[in-house]
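To start, the structure under review is shown below, and the notes come after it.
2 protein chains.
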Amino acid sequence: MIPKSHPRYESLLLRDKMVKAAKKGYLADSAMIAHGRGEAFDYLIGERTTYPAKRAMYVAVAALLLSNNPVISVNGNATALAVEEIIELANSVGAKIEINLFYRTDDRVKIITQIYKDLGYDKILGTLDDDIEYLTDIKNNRASASKTGIYSADTVLIPLEDGDRAEILKKSGKNIITIDLNPLSRTSKMSDVSIMDNIVRAIPFMTKIAEDLKTQDKQVLMEIVNDFDNEENLKESLEQIKLKE
Amino acid sequence: MIPKSHPRYESLLLRDKMVKAAKKGYLADSAMIAHGRGEAFDYLIGERTTYPAKRAMYVAVAALLLSNNPVISVNGNATALAVEEIIELANSVGAKIEINLFYRTDDRVKIITQIYKDLGYDKILGTLDDDIEYLTDIKNNRASASKTGIYSADTVLIPLEDGDRAEILKKSGKNIITIDLNPLSRTSKMSDVSIMDNIVRAIPFMTKIAEDLKTQDKQVLMEIVNDFDNEENLKESLEQIKLKE
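Written out as structure tokens, the structure reads:
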């Protein structure tokens, strides 16, 4: 048990979730390393949701609400850290959830499928019995996608996604939204909307934004999306990293 | 196999070493997370050995050479990443090597002991049959130390060390040298000499420095040590972190 008084309580709690997920067997071998990288960047932004991140979240939610077939892509890390929050966001914006693993194994897919089912979410895509298509001519796991999910999606939210896979998704012509604590990562640079934040803070915040934006006209949502410049916003995100004590 | 042409080849190689060590069972649960944090900071300094790091290494080696009983403290991560380099440095500066695990279990100690023995290094301290003393009144693993090693050491090199343990070592009056990629970490701030570098680059570099400094008079080594200001050097280290692309 981590005492609530510990100065690193929130961070240690997430670390604990990752350790438990690793023991359950549904994380990739290097998943913990990716989490550690995120921890470092989160530390450098003061473990708070910055203004550029909030701006990107408004744009992301507006884009999801405007889409015909929005999909949230989940992997082991996203599931370990924020499975309930992801389901809530999906329900709120009317998005599908699809399991997409860069290092896909049947075992990992099975365990993750069960985690969503145990929470009452039965519509999960990308499962072992789902119809899988490929986004490129090369039929590998980096390009696999559920036929009714990411394969036919117009907007895909990819929290904590590998750069190679982000690139394939982008090249397939989809609107890509990422949540990634590293504003210099390939995924952040390649995405249409890059939210530099910890997913445990970002996803519930996006659900709140959705409750607000759902009451707005389509025209308003389109303005939010069109006014946004991701490159500029990433620059502002980078400036949030404070190196002085 | 990672192709040598991969832009992240060196980083992926280290990641691979960590994954293998985890499978061998001698890493702490959150060891991979710590490695990921290091990766992020290494990325931010351009994965190169900076000038302030080199300066700190000269001071560290001089201090080790001047000490009566210098000890290099090793844990799972240090062993996974640089076991051979650590043995070379220890032989070069005449330091002992001691296994010191923040999350100490007999199994982990046994596996790590064997790794050093398999490389022909039989003098390793901190093993299961070593005499263990405590640096504080509270007899826990954070304060444990080999009687002929850290317990009686004047200078201790603690690469990749936890902040709690660094604090206990410091309070016990020893001269502390750390190798830590995060210049803001408690360990970096608490140490007498903080080398902000990746241990796989730092340790072989320190061995080279040792070959040079061993030919110098004691007076020269003392001047190197006395001229050094760790706080100032940490500030300069921090300035090496480049956030602009």
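Residue numbers (my numbering), protein chains in the order written: chain A, 1 to 245; chain B, 246 to 490. Glycine included, every Cβ here is placed at the ideal spot set by N, Cα and C.
Whole-angstrom C-beta distance between residue j and residue i, which should lie under 8 Å
i         : j         : result
Asn320(B) : Asn345(B) : 6 Å
Tyr71(A)  : Ala153(A) : It should be pointed out that residue 71(A) corresponds to Val in this sequence rather than to Tyr. The Cβ separation is near 4 Å, so the contact holds.
Leu380(B) : Leu405(B) : The pair is not a contact, with the Cβ atoms about 19 Å apart (cut-off 8 Å).
Leu125(A) : Glu98(A)  : 4 Å
Gly163(A) : Thr148(A) : The Cβ separation is near 26 Å, so there is no contact.
Arg8(A)   : Arg282(B) : Rounded, the Cβ-Cβ distance is 12 Å, inconsistent with contact.
Ile247(B) : Asp261(B) : 7 Å
Ala491(B) : Leu272(B) : What is shown of chain B runs 246 to 490, which leaves residue 491(B) out entirely.
Ser73(A)  : Ile138(A) : Not confirmed; about 19 Å, so no contact.
Ala80(A)  : Met18(A)  : 6 Å
Same chain, Cβ closer than 8 Å to residue i, neighbours up to 5 away in sequence not counted
i         : result
Tyr58(A)  : Ile209, Leu213, Ile224
Glu246(A) : This structure cannot settle anything about residue 246(A), because the visible part of chain A is limited to 1 through 245.
Ala60(A)  : Leu157, Ile177, Val193, Ile195, Met206
Asp274(B) : Tyr348
Lys242(A) : Leu44, Ile45, Gly46
Asn475(B) : Ala301, Ser436, Asp437, Val438, Ser439
Sheet register partners of residue i (DSSP bridge)
i         : result
Ala145(A) : Glu133(A)
Ser194(A) : Thr178(A)
Leu402(B) : Ile317(B), Ile422(B)
Contacts around residue i, its chain only, beta-carbon distance under 6 Å, and the 5 residues preceding and following it disregarded
i         : result
Tyr121(A) : Ile87
Gln485(B) : Ile290, Thr295
Asn141(A) : Arg104
Ala276(B) : Gly321, Asn322
Thr127(A) : Thr113
Ile377(B) : Ser389
Ser430(B) : none
Ser417(B) : Leu380
Ser146(A) : Glu98, Leu125, Gly126, Asp130
Val445(B) : Leu326, Ala327
Own chain partners of residue i with C-beta closer than 7 Å, once the 5 adjacent residues on each side are dropped
i         : result
Ser482(B) : Thr295, Pro297, Ala298, Pro428, Met441
Ala63(A)  : Thr155, Asn175, Ile177, Val193, Val225
Lys24(A)  : Ile111
Phe492(B) : The question about residue 492(B) has no answer, for chain B in this structure spans 246 to 490.
Arg55(A)  : Asn233
Ile203(A) : Ala82, Glu85, Ile86, Leu89
Asp277(A) : Residue 277(A) lies beyond the range of chain A shown here (1 to 245); nothing can be said about it.
Leu466(B) : Ala307, Leu310, Leu311, Leu458
Leu119(A) : Val83, Glu84, Ile87
Asp351(B) : Leu373
Ser92(A)  : Thr207, Ala210, Glu211
His251(B) : Leu257
Arg108(A) : Tyr26, Gly76, Leu101
Glu39(A)  : Ser11
Residue i: CB within 7 Å of a non-hydrogen atom of the ligand ZN
i         : result
Ser439(B) : This structure does not include the ligand ZN; it has no bound ligands of any sort.
Taking only runs that begin and end inside the stretch 61–143 of chain A, name each unbroken beta strand (DSSP E) of 3 or more residues, in chain order. 70–74, 96–99, 132–134
List in chain order: all unbroken alpha helix (DSSP H) runs of 4+ residues lying wholly within the stretch 261–287 of chain B. none
Tell me which residues of the stretch 250–282 of chain B have at least one Cβ-Cβ distance to chain A shorter than 7 Å, keeping chain order. Taking 7 Å as the Cβ-Cβ cut-off against chain A, the residues of the stretch 250–282 of chain B that qualify are Arg260, Met263, Val264, Asp274, Ser275, Met277, Ile278, Ala279, His280, Gly281, Arg282.
Between the stretch 200–213 of chain A and chain B, which residues of the former have a C-beta closer than 8 Å to a C-beta of the latter? So nothing in the stretch comes that close.
Residues, ordered as in the chain, of the stretch 36–64 of chain A that lie near chain B by beta-carbon distance below 9 Å: Gly36, Arg37, Gly38, Glu39, Ala40, Phe41, Tyr43, Leu44
What residues in the stretch 165–188 of chain A bring their beta carbon closer than 8 Å to a beta carbon of chain B? Residues Asn182, Leu184.
Quick one, which residues of the stretch 135–147 of chain A are near chain B if we go by CB-CB under 8 Å, in chain order? none
Under 7 Å (Cβ pairs) to chain B, residues found in the stretch 215–244 of chain A: Leu238, Ile241, Leu243
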